[in-house]
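Residue numbers (the UniProt record's numbering), protein chains in the order written: chain U, 1 to 124; chain F, 1 to 388.
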């Protein structure tokens, strides 16, 4: 699971008012390189909840992101920032671990990079 | 024309809203008939006997008793009904690798939709199956989800970003995606409420202005011989079912019915216990009206097109042994052997869609409009745009 995906996942358990962001529990992180696409990064940037993204990157062991979200203009020219953004967003994978509902503490397992977000009968 | 809707026995209708009622008797709807003689219609196993006088005036006789056994359903629309657990989820889990090996051809209409999206789009595929469409446009970012963990594993092995989730309750934030697709998914949902909910979820996920493409199997199959291989469902399989609320897909066009000689099976086909195999042989999608003798019973299954089916999947023996799930499925009757074809046969539940049904499901939504709709290769398709 990449942090881009994590940034759009939310706990959908019955009764939860705000299930975002899910807290990450790390057992294993893997880095997989992928070609950078600046246009894609510029399109995605406005969608990202930066605080959740920043916190998640820290948990995943990456400390290069700025805590404050940069101005969008930065993405036009700052290649160094784009590289870091790209790395944290798309190249860090939570291979084994869990995603934890912020309100109920319920753990959604992540195995072989795949989160299982299915709910039990009583959570629906 | 005479429609007799045989609804004997205990079963649950799920009407709009939360209440469910069980009907213990028969509805008989009578339209102007062209018979020249009086006809007595015997309703098997029924408690009422109706006679018709063909005087050109429509008679609507209803014999409906609502038993005391009615309850307001507190079952959430997000709860998976048994029929889907047994005849969708478990089947796909068991057949995943074989199923995936047959799913490689990219449907041109879906490809065209994906290619029309701006580069850099975030695209969500809900019910992605073996991930056939994930990554189709390399400049976009795809996230796929499916309820079948074995199918998702196949996607992950190809390097796709995927998760295991339920299309009726997507774990995504609202307004995040640029577009979403639901290809051959909604026809596996067994109630109208669940189908509506899945569409609402697709629209919820995308941003304002985002597009959603939905495709589903059509009642109107181009290859009509396929229908003879499908098993129309009888009431005993369905715990929640839309009955009278279902759309009348053929509209006002004349419905012709063939007299079926009254036999034990046909006359009581709503009650037949092991009727699957014989039904497959006897069933025809359209029938012709030829008034015969008075003893004939004119029957259409619900007074409208059959939309609920089991569609077989033949899993070759050598594949079945590998998966291991088939031994259990055979033991508890969820699958059967076909030695002639050397395969374990699984039934998959389908609610095939009639013309206009997708539009009708969407008509109540206040945050989406239809921007395109079409029929292609035995599928009904619709493209929605989120408006607010």
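Yeah, the Cβ is synthetic: ideal placement off N, Cα and C, and Gly gets one too. Please read all numbers here as calculations on a predicted model, not as lab measurements.
Closest to residue 100 of chain U by C-alpha separation, out of U/109, U/124, U/92, U/28, would be which residue? U/109
Beta-ladder partner(s) of residue 164 of chain F, from DSSP: U/116, F/146
With distances taken Cα to Cα, identify the nearest neighbour of residue 160 of chain F among U/112, U/117, U/98. U/112
Find the nearest neighbour of residue 105 of chain U within the set U/73, U/84, U/23, U/9, judged by alpha-carbon distance. U/23
Just to confirm before moving on: does the CB-CB distance between residue 230 of chain F and residue 310 of chain F stay below 9 Å? yes
Name the residue from F/374, F/200, F/376, F/330 whose alpha carbon lies nearest to the alpha carbon of residue 416 of chain F. In the structure as shown, chain F begins at 1 and stops at 388. Residue 416 of chain F is therefore absent and cannot be evaluated.
Within-9 Å CB hit, residue 329 of chain F to chain U: no
Show which residues of chain U have a CB atom less than 9 Å away from the CB atom of residue 164 of chain F. 114, 115, 116, 117, 118
Nearest residue (CA-CA) to residue 123 of chain U, options F/79, F/339, F/352: F/79
Bridge-paired residues (DSSP) for residue 349 of chain F: F/310
Classify residue 139 of chain F as helix, strand or coil using the three-state DSSP reduction. coil
With distances taken between CB atoms, is the gap from residue 350 of chain F to residue 98 of chain F smaller than 9 Å? no
Go ahead and pull the three-state DSSP assignment for residue 128 of chain F. coil
If distances are taken between C-alpha atoms only, which option among F/101, F/386, F/344, F/118 comes closest to residue 141 of chain F? F/118
Against chain U, does residue 171 of chain F count as a neighbour if the rule is that its beta carbon must be under 9 Å from one of theirs? yes
According to DSSP, is residue 7 of chain U part of a helix, a strand, or is it coil? coil
Can you have a look at residue 389 of chain F and say buried or exposed, based on whether 16 or more other CB atoms are within 10 angstroms of its CB? Outside the displayed span of chain F (1 to 388) sits residue 389 of chain F, for which this structure offers no information.
Other residues of its chain near residue 48 of chain U: CB distance less than 7 Å, five sequence neighbours each side excluded: 7
Buried versus exposed, by CB contacts within 10 Å (16 or more), residue 129 of chain U: The question about residue 129 of chain U has no answer here: the residues shown for chain U are numbered 1 through 124.
Roughly how many angstroms separate the alpha carbons of residue 135 of chain F and residue 183 of chain F, rounded to a whole number? 15 Å
Kindly indicate which three-state DSSP category residue 43 of chain U falls into: helix, strand or coil? helix
Along the chain, where does the alpha helix (DSSP H) containing residue 86 of chain U start, and where does it finish? 79-86
6 Å Cβ shell around residue 42 of chain F - same chain, five flanking residues per side excluded: With a pLDDT of only 37 at residue 42 of chain F, under 50, the local geometry of the prediction cannot be trusted, and the value read off the model is given with reservation. Excluding sequence neighbours, residue 42 of chain F sits near nothing in its chain.
Taking the beta strand (DSSP E) that residue 178 of chain F belongs to, which residues open and close that run? 177-183
For a test of the three-state rule: what should DSSP assign to residue 219 of chain F, helix, strand or coil? coil
Does residue 369 of chain F pass the burial test, meaning 16 or more other C-beta atoms within 10 Å, or should it be called exposed? exposed
So residue 375 of chain F is in the beta strand (DSSP E); what residue range does that whole segment cover? 368-376
Where residue 466 of chain F falls: helix, strand or coil (DSSP): There is simply no residue 466 of chain F to check, as chain F begins at 1 and stops at 388 in what is shown.
Which of the three DSSP states is assigned to residue 380 of chain F in this structure? strand
Is residue 13 of chain U helix, strand or coil by DSSP? coil
Taking only beta-carbon atoms, is residue 240 of chain F less than 9 Å away from chain U? The predicted model places residue 240 of chain F with a pLDDT of 41, which falls under 50 and marks its position as unreliable; any figure quoted below should be read in that light. No, residue 240 of chain F does not count as interfacial toward chain U.
Identify the contact partners of residue 119 of chain F in chain U, using a Cβ-Cβ distance below 7 Å as the criterion. 39
Within 9 Å of any Cβ in chain U, is that where the Cβ of residue 158 of chain F sits? no
The region 43-63 of chain U: positions lying closer than 9 Å to chain F by Cβ: 43, 44, 47, 49
Contact defined as beta carbons within less than 8 Å: I believe residue 346 of chain F pairs with residue 312 of chain F. What is the distance between those atoms, to the nearest angstrom? 7 Å
Only counting runs of 4 or more residues, tell me where the alpha helix (DSSP H) segments fall wholly within the region 67-123 of chain F, in order along the chain. 90-101, 108-115
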